[in-house]
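Residue numbers (my numbering): 33 to 225.
Below: one structure, written as C-alpha coordinates.
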(Lines of atoms letter the chains of each structure in order from A and count residues from 1; the text may use other names and numbers.)
(Lines give C-alpha, C1' and ligand atoms only; values in the text may rest on other atoms or scores of the structure.)
Protein backbone atom coordinates (compact mmCIF):
# COMPACT_ATOMS: atom_id res chain seq x y z
CA UNK A 1 0.00 0.00 0.00
CA UNK A 2 2.76 2.46 0.79
CA UNK A 3 4.29 1.98 -2.62
CA UNK A 4 0.95 2.86 -4.26
CA UNK A 5 0.50 5.90 -2.01
CA UNK A 6 3.81 7.46 -3.03
CA UNK A 7 2.95 8.04 -6.66
CA UNK A 8 -0.23 9.84 -5.55
CA UNK A 9 1.79 12.06 -3.23
CA UNK A 10 4.30 12.74 -5.97
CA UNK A 11 1.53 13.46 -8.46
CA UNK A 12 -0.11 15.87 -6.00
CA UNK A 13 3.22 17.55 -5.34
CA UNK A 14 3.86 17.93 -9.07
CA UNK A 15 0.45 19.52 -9.59
CA UNK A 16 1.03 22.02 -6.77
CA UNK A 17 4.52 22.78 -8.06
CA UNK A 18 3.16 23.32 -11.58
CA UNK A 19 0.58 25.80 -10.30
CA UNK A 20 3.24 27.72 -8.36
CA UNK A 21 5.53 27.88 -11.40
CA UNK A 22 2.72 29.06 -13.69
CA UNK A 23 1.64 31.74 -11.20
CA UNK A 24 5.20 32.94 -10.68
CA UNK A 25 5.76 33.09 -14.44
CA UNK A 26 2.56 35.09 -14.85
CA UNK A 27 3.59 37.60 -12.20
CA UNK A 28 7.03 37.96 -13.79
CA UNK A 29 5.51 38.41 -17.24
CA UNK A 30 3.32 41.21 -15.91
CA UNK A 31 6.37 42.93 -14.43
CA UNK A 32 5.30 42.88 -10.80
CA UNK A 33 8.04 43.90 -8.44
CA UNK A 34 8.80 42.80 -4.92
CA UNK A 35 11.54 41.27 -2.85
CA UNK A 36 13.64 38.77 -4.81
CA UNK A 37 11.49 35.72 -5.42
CA UNK A 38 8.39 37.37 -3.94
CA UNK A 39 5.80 39.08 -6.09
CA UNK A 40 3.22 41.30 -4.46
CA UNK A 41 -0.08 41.84 -6.22
CA UNK A 42 -2.02 44.93 -5.13
CA UNK A 43 -5.54 45.39 -6.42
CA UNK A 44 -6.45 48.75 -7.97
CA UNK A 45 -9.11 49.20 -5.29
CA UNK A 46 -6.49 48.73 -2.55
CA UNK A 47 -4.49 51.55 -4.20
CA UNK A 48 -7.45 53.92 -4.03
CA UNK A 49 -9.43 53.35 -7.20
CA UNK A 50 -13.14 53.63 -6.52
CA UNK A 51 -15.79 51.15 -7.69
CA UNK A 52 -18.71 52.79 -9.47
CA UNK A 53 -21.51 53.82 -7.13
CA UNK A 54 -19.31 54.16 -4.02
CA UNK A 55 -20.64 56.40 -1.26
CA UNK A 56 -18.95 57.85 1.79
CA UNK A 57 -20.68 55.14 3.82
CA UNK A 58 -18.73 52.33 2.08
CA UNK A 59 -16.10 51.80 4.78
CA UNK A 60 -14.84 48.63 3.08
CA UNK A 61 -13.48 50.70 0.16
CA UNK A 62 -9.94 51.94 1.00
CA UNK A 63 -10.52 55.26 -0.83
CA UNK A 64 -13.23 55.97 1.76
CA UNK A 65 -11.75 54.17 4.78
CA UNK A 66 -8.45 56.08 4.55
CA UNK A 67 -10.03 59.53 4.35
CA UNK A 68 -9.34 61.83 7.27
CA UNK A 69 -12.05 60.92 9.83
CA UNK A 70 -13.28 64.52 10.18
CA UNK A 71 -13.57 64.88 6.39
CA UNK A 72 -15.42 61.57 6.16
CA UNK A 73 -17.88 62.58 8.91
CA UNK A 74 -18.52 65.99 7.32
CA UNK A 75 -19.14 64.35 3.96
CA UNK A 76 -21.50 61.83 5.57
CA UNK A 77 -23.54 64.63 7.13
CA UNK A 78 -23.63 66.49 3.80
CA UNK A 79 -24.63 63.31 1.95
CA UNK A 80 -27.57 62.77 4.31
CA UNK A 81 -28.71 66.39 3.88
CA UNK A 82 -28.32 66.16 0.10
CA UNK A 83 -30.52 63.05 0.11
CA UNK A 84 -33.17 65.04 2.01
CA UNK A 85 -33.02 67.53 -0.89
CA UNK A 86 -33.31 64.73 -3.46
CA UNK A 87 -29.64 64.82 -4.47
CA UNK A 88 -27.15 61.97 -4.47
CA UNK A 89 -23.46 62.29 -3.58
CA UNK A 90 -21.03 59.61 -4.74
CA UNK A 91 -17.31 59.33 -4.05
CA UNK A 92 -15.50 59.35 -7.39
CA UNK A 93 -12.08 59.57 -5.74
CA UNK A 94 -10.87 59.86 -2.17
CA UNK A 95 -7.68 58.58 -0.59
CA UNK A 96 -5.10 57.40 -3.13
CA UNK A 97 -1.86 55.51 -2.69
CA UNK A 98 1.32 57.30 -3.81
CA UNK A 99 1.64 54.72 -6.61
CA UNK A 100 -1.84 55.51 -7.95
CA UNK A 101 -1.18 59.25 -7.71
CA UNK A 102 2.08 58.80 -9.64
CA UNK A 103 0.24 56.87 -12.38
CA UNK A 104 -2.42 59.57 -12.61
CA UNK A 105 0.31 62.20 -12.93
CA UNK A 106 2.10 60.23 -15.68
CA UNK A 107 -1.21 59.80 -17.51
CA UNK A 108 -1.87 63.55 -17.23
CA UNK A 109 1.58 64.36 -18.63
CA UNK A 110 0.76 62.10 -21.58
CA UNK A 111 -2.62 63.77 -22.04
CA UNK A 112 -1.52 67.40 -21.60
CA UNK A 113 1.97 67.12 -23.10
CA UNK A 114 4.04 68.46 -20.23
CA UNK A 115 4.45 68.27 -16.47
CA UNK A 116 3.69 72.00 -16.21
CA UNK A 117 0.30 71.63 -17.92
CA UNK A 118 -0.50 68.37 -16.10
CA UNK A 119 0.14 70.16 -12.78
CA UNK A 120 -3.02 72.19 -13.42
CA UNK A 121 -4.99 68.96 -12.89
CA UNK A 122 -2.93 66.39 -10.99
CA UNK A 123 -0.61 66.86 -8.00
CA UNK A 124 2.52 64.89 -7.26
CA UNK A 125 2.31 62.07 -4.71
CA UNK A 126 4.26 64.28 -2.29
CA UNK A 127 1.80 67.19 -2.46
CA UNK A 128 -1.55 65.55 -3.23
CA UNK A 129 -4.32 66.07 -0.68
CA UNK A 130 -5.74 62.76 -1.92
CA UNK A 131 -2.63 60.83 -0.83
CA UNK A 132 -2.92 62.26 2.68
CA UNK A 133 -6.67 61.48 2.78
CA UNK A 134 -7.59 65.16 2.93
CA UNK A 135 -9.54 65.49 -0.34
CA UNK A 136 -12.53 63.90 -2.01
CA UNK A 137 -13.87 64.15 -5.55
CA UNK A 138 -17.66 63.84 -5.69
CA UNK A 139 -20.23 63.19 -8.35
CA UNK A 140 -22.50 63.07 -10.16
CA UNK A 141 -22.48 66.62 -11.51
CA UNK A 142 -25.73 67.55 -9.76
CA UNK A 143 -24.34 66.22 -6.48
CA UNK A 144 -21.11 68.18 -6.87
CA UNK A 145 -23.15 71.29 -7.65
CA UNK A 146 -25.27 70.71 -4.53
CA UNK A 147 -22.12 70.34 -2.42
CA UNK A 148 -20.63 73.48 -3.97
CA UNK A 149 -23.74 75.44 -2.91
CA UNK A 150 -24.23 73.84 0.53
CA UNK A 151 -20.87 72.36 1.54
CA UNK A 152 -19.73 75.40 3.50
CA UNK A 153 -22.29 74.57 6.21
CA UNK A 154 -20.48 71.24 6.68
CA UNK A 155 -16.96 72.67 6.38
CA UNK A 156 -16.60 71.24 2.87
CA UNK A 157 -15.09 73.66 0.39
CA UNK A 158 -14.23 73.62 -3.28
CA UNK A 159 -10.57 74.49 -3.57
CA UNK A 160 -9.99 74.90 -7.33
CA UNK A 161 -12.08 76.74 -9.92
CA UNK A 162 -11.13 74.18 -12.59
CA UNK A 163 -12.14 71.18 -10.44
CA UNK A 164 -15.83 71.53 -9.51
CA UNK A 165 -15.76 68.00 -8.06
CA UNK A 166 -12.80 68.44 -5.63
CA UNK A 167 -13.60 69.25 -1.98
CA UNK A 168 -11.52 69.53 1.16
CA UNK A 169 -12.43 70.06 4.80
CA UNK A 170 -12.07 73.57 6.17
CA UNK A 171 -13.37 73.31 9.78
CA UNK A 172 -13.83 77.10 10.11
CA UNK A 173 -15.98 77.35 6.98
CA UNK A 174 -19.37 77.14 8.77
CA UNK A 175 -18.58 80.41 10.58
CA UNK A 176 -15.85 82.07 8.48
CA UNK A 177 -16.89 80.85 5.02
CA UNK A 178 -14.84 78.92 2.51
CA UNK A 179 -11.53 80.46 1.45
CA UNK A 180 -11.06 82.01 -1.99
CA UNK A 181 -10.61 79.32 -4.62
CA UNK A 182 -7.42 78.96 -6.62
CA UNK A 183 -7.83 78.97 -10.41
CA UNK A 184 -6.05 75.61 -10.47
CA UNK A 185 -3.54 73.68 -8.33
CA UNK A 186 -0.57 75.63 -9.75
CA UNK A 187 -1.74 78.64 -7.68
CA UNK A 188 -1.98 76.58 -4.47
CA UNK A 189 1.12 77.19 -2.31
CA UNK A 190 0.80 73.67 -0.87
CA UNK A 191 1.69 72.29 -4.30
CA UNK A 192 5.15 73.89 -4.20
CA UNK A 193 6.23 70.84 -2.22
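A virtual CB, placed ideally from N, CA and C, is assigned to each residue, including glycine.
Predicted, not measured: the structure shown is a model, and the values here were computed from it.
Worksheet item: Under a three-way DSSP split, which group does residue 155 fall into?
Response: Along the chain shown, read from residue 1 onward, the residue named residue 155 stands at position 123. Looking at residue 155 - three-state DSSP - the assignment turns out to be coil, as it is neither helix nor strand.
Item to complete: Have a look at residue 57 and residue 152 and give me their C-alpha separation to the nearest angstrom.
Response: Stepping through the chain shown from its first residue, residue 57 is reached at position 25. Stepping through the chain shown from its first residue, residue 152 is reached at position 120. Since pLDDT at residue 57 reaches only 39, below the 50 mark, its modelled position is unreliable, and the value read off the structure follows with that caveat. Distance between the alpha carbons of residue 57 and residue 152 is about 40 Å.
Fill in: Counted within 10 angstroms of its Cβ, other Cβ atoms place residue 101 as buried (16 or more) or exposed
Start at 1 with the first residue of the chain shown, and residue 101 comes out as number 69. Exposed: under 16 other Cβ atoms inside 10 Å.
Fill in: Boundaries of the alpha helix (DSSP H) in which residue 137 is found, first to last residue
Here residue 137 is taken as the residue at index 105 of the chain shown, counted from 1. Where residue 137 is concerned, the enclosing alpha helix (DSSP H) stretches over 130 to 144.
Practice prompt. For residue 37, count neighbouring C-beta atoms within 10 Å of its own C-beta (all shown protein chains included) and say buried if the count is 16 or more, exposed if not.
Written response: Numbered from 1 along the chain shown, position 5 holds the residue referred to as residue 37. The predicted model places residue 37 with a pLDDT of 45, which falls under 50 and marks its position as unreliable; any figure quoted below should be read in that light. The residue in question, residue 37, is exposed, as its Cβ has fewer than 16 Cβ neighbours within 10 Å.
Fill in: Whole-angstrom distance between residue 187 and residue 132, CA atom to CA atom
The residue given as residue 132 occupies position 100 in the chain shown. The residue given as residue 187 occupies position 155 in the chain shown. Whole-angstrom Cα-Cα distance: 27 Å.
Fill in: Boundaries of the beta strand (DSSP E) in which residue 171 is found, first to last residue
Locating residue 171 in the chain shown gives position 139, where the first residue counts as 1. Where residue 171 is concerned, the enclosing beta strand (DSSP E) starts and stops at 167 to 171.
Item to complete: Check whether the Cβ of residue 183 lies closer than 9 Å to any Cβ atom in chain D.
Response: Going by chain labels, chain D is absent from the structure shown, which holds only one protein chain.
Worksheet item: So what does DSSP say about residue 201, is it helix, strand or coil?
Response: Walking along the chain shown from the start, residue 201 turns up at place 169. Residue 201: strand per DSSP, three-state reduction.
Worksheet item: Between residue 175 and residue 213, which are expected to be in contact by the criterion C-beta below 8 Å, what is the C-beta distance as a whole number of angstroms?
Response: Position 143 of the chain shown, counted from the start, is the residue given in the question as residue 175. Position 181 of the chain shown, counted from the start, is the residue given in the question as residue 213. Not quite, the Cβ-Cβ distance comes to about 19 Å (not below 8 Å), so this is no contact.
Item to complete: Determine, using beta-carbon pairs with one atom in the region 86 to 93 and one in the region 138 to 154, whether at least three such pairs fall under 8 Å.
Response: no
Discussion item. Using 9 Å as the threshold, is the C-beta distance between residue 209 and residue 199 below it?
Written reply: Position 177 of the chain shown holds residue 209. Position 167 of the chain shown holds residue 199. It is not a contact, given that the beta carbons lie outside the stated cut-off.
Discussion item. For a test of the three-state rule: what should DSSP assign to residue 188, helix, strand or coil?
Written reply: Sequence index remark: in the chain shown, residue 188 carries index 156 (1-based). The answer is strand: DSSP assigns residue 188 an E or B state.
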